[in-house]
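Structure, as structure tokens:
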Amino acid sequence: MPIHQTGSGGDWNVGVPPAAVSCDTQRAGLFRVVRTGGDSVNCEAGAGSASWVSPRSGATEAVKLCLERVWVKQYCILAEDNGGSMSLGSTTAVDCGATSVPRPYNQVLAISGVYRAPADANSSHCREGATDPRTYWSLVVTGRTILVCFTYPNT
Numbered sequence: 032m033p034i035h036q037t038g039s040g041g042d043w044n045v046g047v048p049p050a051a052v053s054c055d056t057q058r059a060g061l062f063r064v065v066r067t068g069g070d071s072v073n074c075e076a077g078a079g080s081a082s083w084v085s086p087r088s089g090a091t092e093a094v095k096l097c098l099e100r101v102w103v104k105q106y107c108i109l110a111e112d113n114g115g116s117m118s119l120g121s122t123t124a125v126d127c128g129a130t131s132v133p134r135p136y137n138q139v140l141a142i143s144g145v146y147r148a149p150a151d152a153n154s155s156h157c158r159e160g161a162t163d164p165r166t167y168w169s170l171v172v173t174g175r176t177i178l179v180c181f182t183y184p185n186t
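Take any residue in the sequence shown, count from 1 to its spot, add 31: that is its number in this note's numbering.
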């Protein structure tokens, strides 16, 4: 089962990390583990990056997983439309047909493409031709090397 944040606070869809799977199988998740360690390990910050800390158990030290989003075309995320600017929930996942979403989110966006990012990457690079009428939003992730494009589902 792919892990993701539900959009309700910092909650994840499962309470404990699932068993590891190869990143190139059909069971691959929405995140890959890029580093592990104790509470003090430093994880990357930014869009599509997250950390998961297991609770301490008795004398056992907590385990921290540093996670990086795996961007999959046609998967959907939560977003918050603030009257013209869109805040993207880059660690969330949601059914593309969801009719209600947790606060503060009020939109569902679909990943329309994942590309190698040009130096000046922005949402104008997401258009699929000069006559494409859709509105796009974008993130540049993974050390500014990947451009992830979003639009409304089924448009």
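We put the CB at the ideal spot given by N, CA and C, even for glycine.
Problem set entry | Best match in Asn137, Gly114, Met117 and Gly115 for proximity to Val125 [C-alpha to C-alpha] | Asn137
Problem set entry | Residue range of the unbroken beta strand (DSSP E) whose run includes Gly144 | Gln138 to Arg147
Problem set entry | CA nearest to the CA of Val101, picked from Thr122, Lys95, Glu159 and His156 | Thr122
For this session: Say whether the segment 140-159 touches the segment 169-183, bearing in mind that this needs 3 or more beta-carbon pairs closer than 8 Å, one atom from each stretch.
Result: yes
Exercise. By Cβ distance below 7 Å, which residues in the same chain neighbour Cys157 in space, the five residues on each side in sequence not counted?
Worked result: Ser143, Gly144, Tyr167, Ser169 and Cys180
For this session: Mark Gly128 as exposed unless 16 or more other C-beta atoms lie within 10 angstroms of its C-beta, in which case mark it buried.
Result: exposed
For this session: Could you check if Ala110 is buried or exposed, using at least 16 other CB atoms within 10 Å of its CB as the buried criterion?
Result: buried
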